């Protein structure tokens, strides 16, 4: 399988998963939204969010056990970058009400203008950041 | 039943992320490196998912309600405001620094490396900061 085929297959699987959550539970699959909401103290209302996140971690674990070749990479960035990136992603996704999944995968198909603007914005700044790191 | 769906969707979503290459931060950086040695393959992840959902969401949202729930829970805000722009910009910068966005951060927990937990810890801290800020500055 080439990288392109793998990307398309993975994207299709993500489409099936996010469509299923909407079809069965009526929810949009936005990871940052799910994490952000799960931080509030309302156990019964947030139960599905905890269970979703456990599923998310379990899916990674399943792949690690049966297809470990998918995890043959390392995190080459420093702890300093890890901390700054974590903070920016946390603050940014809550202020912007979504990330790659909520705005990109689920927002664009709903033809949401907000999600289109958000997706173009974070793509632009992602590309800009990598560019600046490259010329530095 | 809806809780089982939540688990399965999280599980399958994560498998999709891993297969697609989105969990590999070096690959994501390569995808964002448009002016360098660009690896465009990841465009098919969002592209594939969006095309699939474009059709399926259209059909699903024609239904009066979801199968296991009383109603659909869709974002209601329609305004493109400064908050959306600033937030998405910060997220883009954070994403570009390491190549990790929230979904892959969770899928990568199995690596059990200290950097995954550092990233997740500070991501949650950032989210809490926004929460506290908004609580103290209610409009």
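Chains as they are written, first to last, in my numbering: chain Z, 428 to 563; chain L, 3 to 141. For each residue, glycine too, the CB sits at the ideal point set by N, CA and C. Since the structure is predicted, the reported quantities are computational estimates derived from the model, not experimental observations.
Residue i by DSSP, collapsed to three states: which one?
i: residue 124(L); result: helix
i: residue 479(Z); result: helix
i: residue 74(L); result: coil
i: residue 109(L); result: helix
i: residue 68(L); result: coil
i: residue 114(L); result: coil
i: residue 82(L); result: coil
i: residue 560(Z); result: helix
i: residue 429(Z); result: coil
Please compile the residues from chain L whose C-beta is within a distance smaller than 7 Å of the C-beta of residue i.
i: residue 447(Z); result: 7, 11
i: residue 528(Z); result: 105
i: residue 459(Z); result: 104
i: residue 469(Z); result: Under the 7 Å cutoff, chain L gives no residues; its nearest Cβ is about 13 Å from residue 469(Z).
i: residue 452(Z); result: 4, 7, 8, 68, 70, 71
Quick one: which chain Z residues come within Cβ less than 7 Å of residue i?
i: residue 90(L); result: 519, 523, 545, 548, 549
i: residue 28(L); result: 500, 503
i: residue 95(L); result: 515, 552, 556
Does the Cβ of residue i have 16 or more other Cβ atoms within 10 Å, making it buried, or fewer, making it exposed?
i: residue 75(L); result: exposed
i: residue 64(L); result: exposed
i: residue 137(L); result: exposed
i: residue 140(L); result: exposed
i: residue 506(Z); result: exposed
i: residue 532(Z); result: buried
i: residue 83(L); result: exposed
i: residue 534(Z); result: buried
i: residue 524(Z); result: buried
What does residue i reach in chain Z if we use C-beta pairs closer than 8 Å?
i: residue 31(L); result: 557
i: residue 99(L); result: 504, 508, 511, 512, 515, 556, 560
Taking the Cβ atom as the reference point for each residue, do residue i and residue j lie within a distance shorter than 8 Å?
i: residue 111(L); j: residue 561(Z); result: no
i: residue 55(L); j: residue 442(Z); result: yes
i: residue 513(Z); j: residue 13(L); result: no
i: residue 121(L); j: residue 107(L); result: yes
i: residue 91(L); j: residue 552(Z); result: yes
i: residue 44(L); j: residue 23(L); result: yes
Under 8 Å Cβ-Cβ, which residues of chain L neighbour residue i?
i: residue 479(Z); result: 8, 9, 11, 12
message = Quick check for students: name the residue ranges of the beta strand (DSSP E) that lie wholly in the segment 23-51 of chain L, counting only runs of 3 or more.
response = none
query = Which runs of the alpha helix (DSSP H), 4 residues or longer, sit entirely within the segment 505-551 of chain Z?
reply = 506-522
message = I'd like the ranges of any alpha helix (DSSP H) spanning at least 4 consecutive residues and lying wholly in the segment 444-496 of chain Z.
response = 458-465, 470-493
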